[in-house]
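A.B. asks:
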Amino acid sequence: MSDTRTTRAAPAPSPAPAPIADTARPALSTVPVPELREPGVRPTIMDVSARAGVSRMTVSRALRAPHLVRAETRRAVEQAIAELGYVPDRAAEALSTRRSGFVGLILPTLTNTNFADAARGLTEIIRGAGYELLIGYTDYDEGEMLRHVRDMLGRRAEALVLPAGPRGPTLRRMLAPEAIPIVQMAGLAGRPVHPMVGYSNREAGRMAARHLIALGHRRIGALGAEGDGLSCDHRGGERLDGFAEALREAGLSDALVLRMGNPPVSFTHGARAMGHLLDRAPKVQAVFAVSDLVGVGALMECHRRGVRVPEDMSLIGFGGFEIGRQVVPALTTVAVDFRAIGERTGRMVLDLLAGRRDVPRIVDLGVTLVRRETTLFRAAETARGEIAGAETAWAETARAETIGADATVARMPA
2 MSDTRTTRAA PAPSPAPAPI ADTARPALST VPVPELREPG VRPTIMDVSA
52 RAGVSRMTVS RALRAPHLVR AETRRAVEQA IAELGYVPDR AAEALSTRRS
102 GFVGLILPTL TNTNFADAAR GLTEIIRGAG YELLIGYTDY DEGEMLRHVR
152 DMLGRRAEAL VLPAGPRGPT LRRMLAPEAI PIVQMAGLAG RPVHPMVGYS
202 NREAGRMAAR HLIALGHRRI GALGAEGDGL SCDHRGGERL DGFAEALREA
252 GLSDALVLRM GNPPVSFTHG ARAMGHLLDR APKVQAVFAV SDLVGVGALM
302 ECHRRGVRVP EDMSLIGFGG FEIGRQVVPA LTTVAVDFRA IGERTGRMVL
352 DLLAGRRDVP RIVDLGVTLV RRETTLFRAA ETARGEIAGA ETAWAETARA
402 ETIGADATVA RMPA
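In my numbering, the protein residues as written are 2 to 415.
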């Protein structure tokens, strides 16, 4: 006899969610995730060696001279390093090889984008040879310069790149016994103690003065920093010296060449200096700013005071900063290719490290006048023949050319 039972029907199961198609799944990263370790326990080169299945010497060679290692082996080492999160012990390597692997660069300031361009150019050259850059900055303080040089030498820098400029007796004594390459950058000297890559700051000032004189201006001023004995901008001072020399050679007064405040210069410095100059000489016809930073600040002060540039006053800067191209009106400037200076300095450092004997003592990359919108002829007040004659005489020492969207420029030969 069959046993019949009555049971309550179970609710129908909910449909299972449809599987996500493989094509809809987000792609997983192929970057290896480093293994997690206890704090303070770092993977060693032997760990990398075991993971990659190669000898310790091969790992070391792959790190120091990858071009000497087969591509397949190099990829295995790189994979192991990424998976383990391995960081080479440079201190131990320096002890065993007596090489630090870094080049020291000391800059006067970090607020100047031109020096950043130089550092970038220098880095790209030396990094290709396996060196890294260690940067210090002084804010134009000679005491900071001494501290940075002492520290970098103590850390066994393989070469030093210093800003061009005069050296005090303490720094000269510190550098005298050093056998490492020492290169000065962003300036020139007649008899350099160390090789130099740069341009003539004095010629940059003279170029600015000749341009303003050739435009017919006669009441001409300049704006720069003075310093307080502890901080000093030697390169800016040389530009002002060259500018004043050119004025005197043309029979003009240099009484409006103002040096005020301390470096590093800034937009605020330029605005204050221009305000001081306009209070002192409201009929000044043209002004040279020792830096484009000063020039842009000076331009803003002119806007605030209702002084039209260039109709009432011509204005020229130095440096070729990007902001000078973007302000309205665009700033005429004496430009320098700081990226090229950094690259050329890097090649010189590598040549010296390689022991080459044909390295030049001076590499002059020259300066370029870039005419934009803040300088103008004073044709109504000056005879056309006088202006044309001045321009002709000036052009004999320069070569005219056109660069991108800028107006015609004149580049002094290097």
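Every residue, glycine too, gets a C-beta built ideally from N, C-alpha and C.
Keep in mind that this is a model prediction, so the values were computed, not measured.
Quick check: I126 and R348, are their CB atoms within less than 8 Å of each other?
C.D. replies: Numbered from its first residue, the sequence shown carries residue 126 at position 125. Numbered from its first residue, the sequence shown carries residue 348 at position 347. Going by C-beta atoms, I126 is nearer than 8 Å to R348.
A.B. asks: Is S292 near G252, with beta carbons less than 8 Å apart?
C.D. replies: Within the sequence shown, the letter at position 291 stands for residue 292. Within the sequence shown, the letter at position 251 stands for residue 252. It is not a contact, given that the beta carbons lie outside the stated cut-off.
A.B. asks: Roughly how many whole angstroms lie between the Cα atoms of I317 and T333?
C.D. replies: Translated into the one-based positions of the sequence shown, residue 317 becomes position 316. Translated into the one-based positions of the sequence shown, residue 333 becomes position 332. Approximately 5 Å between the Cα atoms of the pair.
A.B. asks: Are there 16 or more other CB atoms within 10 angstroms of the CB of P182, so buried, or fewer, so exposed?
C.D. replies: On the sequence shown, residue 182 is found 181 positions in, with the first residue counted as 1. P182 should be labelled buried.
A.B. asks: Along the chain, which unbroken stretches of the beta strand (DSSP E) at least 3 residues long are found entirely within the region 235 to 271?
C.D. replies: Qualifying beta strand (DSSP E) stretches, in chain order: 258 to 260.
A.B. asks: For V335 and V368, what's the separation of their Cα atoms in angstroms?
C.D. replies: Counted from its first residue, the sequence shown places residue 335 at position 334. Counted from its first residue, the sequence shown places residue 368 at position 367. Taking the straight line from one Cα to the other gives about 7 Å.
A.B. asks: Would you call the region 229 to 238 in contact with the region 282 to 290, where contact means no fewer than 3 C-beta pairs closer than 8 Å?
C.D. replies: As far as the Cβ criterion goes, the region 229 to 238 does not touch the region 282 to 290, which means the pair count is below three.
A.B. asks: If we ignore side chains and look at the alpha-carbon of each, how far apart do E145 and L111 end up?
C.D. replies: Along the sequence shown, read from residue 1 onward, the residue named residue 145 stands at position 144. Along the sequence shown, read from residue 1 onward, the residue named residue 111 stands at position 110. C-alpha separation (whole angstroms): 14 Å.
A.B. asks: Can you tell me which of the three DSSP states E133 falls into?
C.D. replies: Along the sequence shown, read from residue 1 onward, the residue named residue 133 stands at position 132. Strand.
A.B. asks: Can you tell me which of the three DSSP states L176 falls into?
C.D. replies: Your numbering for residue 176 matches position 175 in the sequence shown. If DSSP states are grouped into helix, strand and coil, L176 belongs with the helices.
A.B. asks: Sort V60, V49, R62 by Cα distance to L85 and report the nearest one.
C.D. replies: If you number the sequence shown from 1, residue 85 lands on position 84. For L85, the nearest C-alpha among the options comes from V49.
A.B. asks: Using alpha carbons as the reference points, say which of G296, L176, L241 lies closest to G206.
C.D. replies: Taking the first residue of the sequence shown as 1, we reach residue 206 at position 205. When each option's Cα is compared against that of G206, the closest is L241.
A.B. asks: F378 and L154: beta carbons closer than 8 Å?
C.D. replies: Here residue 378 refers to the residue found at position 377 when the sequence shown is read from its first residue. Here residue 154 refers to the residue found at position 153 when the sequence shown is read from its first residue. Contact: no.
A.B. asks: Does the separation of the CB atoms of V360 and P196 fall below 8 Å?
C.D. replies: One-based indexing of the sequence shown puts residue 360 at position 359. One-based indexing of the sequence shown puts residue 196 at position 195. It is a contact, given that the beta carbons lie within the stated cut-off.
A.B. asks: What does a CB cutoff of less than 6 Å around V297 pick up in its chain, not counting 5 residues either side in sequence?
C.D. replies: On the sequence shown, position 296 is the one that residue 297 refers to. The answer, listed in chain order, is F268, I324, V328.
A.B. asks: Just confirm the distance between the C-beta atoms of A187 and I342, as a whole number of angstroms; I'd bet it's less than 8 Å.
C.D. replies: As a working note, residue 187 is residue 186 in the sequence shown. As a working note, residue 342 is residue 341 in the sequence shown. Correct: roughly 6 Å between the Cβ atoms.
A.B. asks: Along the chain, where does the beta strand (DSSP E) that runs through I363 open and close?
C.D. replies: Residue 363 sits at position 362 when you count from the first residue of the sequence shown. Here the beta strand (DSSP E) through I363 covers 363 to 365.
A.B. asks: For a test of the three-state rule: what should DSSP assign to L332, helix, strand or coil?
C.D. replies: In the sequence shown, the residue the question calls residue 332 occupies position 331. The answer is coil: DSSP assigns L332 none of H, G, I, E or B.
A.B. asks: Where does T375 sit, in a helix, a strand or coil, going by DSSP?
C.D. replies: As a position in the sequence shown, residue 375 is number 374, starting the count at 1. Here T375 sits in coil by DSSP.
A.B. asks: Count the other CB atoms within 10 Å of the CB of H68; is the residue buried (16 or more) or exposed (fewer)?
C.D. replies: Mapped onto the sequence shown, residue 68 falls at position 67. That one is exposed.
A.B. asks: Starting from M186, follow the beta strand (DSSP E) in both directions and report where the run begins and ends.
C.D. replies: Counting from 1 along the sequence shown, the entry for residue 186 is found at position 185. Start and end: 183 to 186.
A.B. asks: Are there 16 or more other CB atoms within 10 angstroms of the CB of S56, so buried, or fewer, so exposed?
C.D. replies: In the sequence shown, residue 56 corresponds to position 55, counting from 1. Exposed.
A.B. asks: Alpha carbon to alpha carbon, how far is A256 from G166? Give it in angstroms, no decimals.
C.D. replies: Walking along the sequence shown from the start, residue 166 turns up at place 165. Walking along the sequence shown from the start, residue 256 turns up at place 255. Computed Cα separation, rounded: 26 Å.
A.B. asks: Taking only the alpha-carbon atoms, compute the straight-line gap between A394 and F339 and give it to the nearest angstrom.
C.D. replies: Mapped onto the sequence shown, residue 394 falls at position 393. Mapped onto the sequence shown, residue 339 falls at position 338. Here A394 scores only 43 on pLDDT, less than 50, and its place in the model should not be relied on; the value that follows carries that caveat. If you take the alpha carbons of A394 and F339, they lie about 29 Å apart.
A.B. asks: Where does R26 fall in DSSP's three states?
C.D. replies: As a working mapping, residue 26 is identified with position 25 in the sequence shown. The predicted position of R26 is uncertain, since its pLDDT is 45 and thus under 50; a value taken from the coordinates is nonetheless stated next. In this structure, R26 counts as coil in the three-state DSSP scheme.
A.B. asks: Apart from the five residues just before and just after A389, which ones in its own chain have a Cβ nearer than 8 Å to its Cβ?
C.D. replies: On the sequence shown, position 388 is the one that residue 389 refers to. Because the pLDDT at A389 is just 43, under 50, the model does not fix this residue reliably, and the value given afterwards should be weighed accordingly. Here the set comprises nothing.
A.B. asks: Between the Cα of V258 and the Cα atoms of A245, R249, P265, P264, which residue gives the shortest distance?
C.D. replies: Counting from one through the sequence shown, the residue named residue 258 turns up at place 257. Of A245, R249, P265, P264, the residue nearest in Cα terms is A245.
A.B. asks: Give me whichever residues DSSP pairs with D142 in a beta bridge.
C.D. replies: As a first step, residue 142 is located in the sequence shown; it is residue number 141 there, counting from the start. D142 pairs with S232.
A.B. asks: Where does S315 fall in DSSP's three states?
C.D. replies: On the sequence shown, position 314 is the one that residue 315 refers to. S315 falls in the strand class under three-state DSSP.
A.B. asks: Rounded to whole angstroms, what's the CA-CA distance from M175 to Y132? Just pull it up for me.
C.D. replies: For the purposes of this step, residue 175 is taken as residue 174 along the sequence shown, with counting starting at 1. For the purposes of this step, residue 132 is taken as residue 131 along the sequence shown, with counting starting at 1. Roughly 24 Å separates the two Cα atoms.
A.B. asks: Do you know offhand how far G225's Cα is from T124's?
C.D. replies: Stepping through the sequence shown from its first residue, residue 225 is reached at position 224. Stepping through the sequence shown from its first residue, residue 124 is reached at position 123. Cα to Cα, G225 sits roughly 30 Å from T124.
A.B. asks: Rank F322, N263, R345, P330 by C-alpha distance to the C-alpha of N113 and give the top, closest one.
C.D. replies: For the purposes of this step, residue 113 is taken as the residue at position 112 of the sequence shown. Minimum Cα distance to N113 is reached at F322.
A.B. asks: Run the CB neighbour count on R373, radius 10 Å, all protein chains shown included, and call it buried at 16 or more, exposed below.
C.D. replies: As a first step, residue 373 must be located in the sequence shown, where it is residue number 372. Per the 10 Å Cβ criterion, buried.
A.B. asks: Is the Cβ-Cβ distance between R43 and V88 less than 8 Å?
C.D. replies: Counting from 1 along the sequence shown, the entry for residue 43 is found at position 42. Counting from 1 along the sequence shown, the entry for residue 88 is found at position 87. In contact: R43 and V88 (Cβ atoms closer than 8 Å).
A.B. asks: CA-CA distance, D234 and P265?
C.D. replies: Along the sequence shown, read from residue 1 onward, the residue named residue 234 stands at position 233. Along the sequence shown, read from residue 1 onward, the residue named residue 265 stands at position 264. Cα to Cα, the separation comes out at about 8 Å.
A.B. asks: Since F419 is in the alpha helix (DSSP H), which residue starts that stretch and which ends it?
C.D. replies: Residue 419 is absent from the structure shown; the chain starts at 2 and stops at 415.
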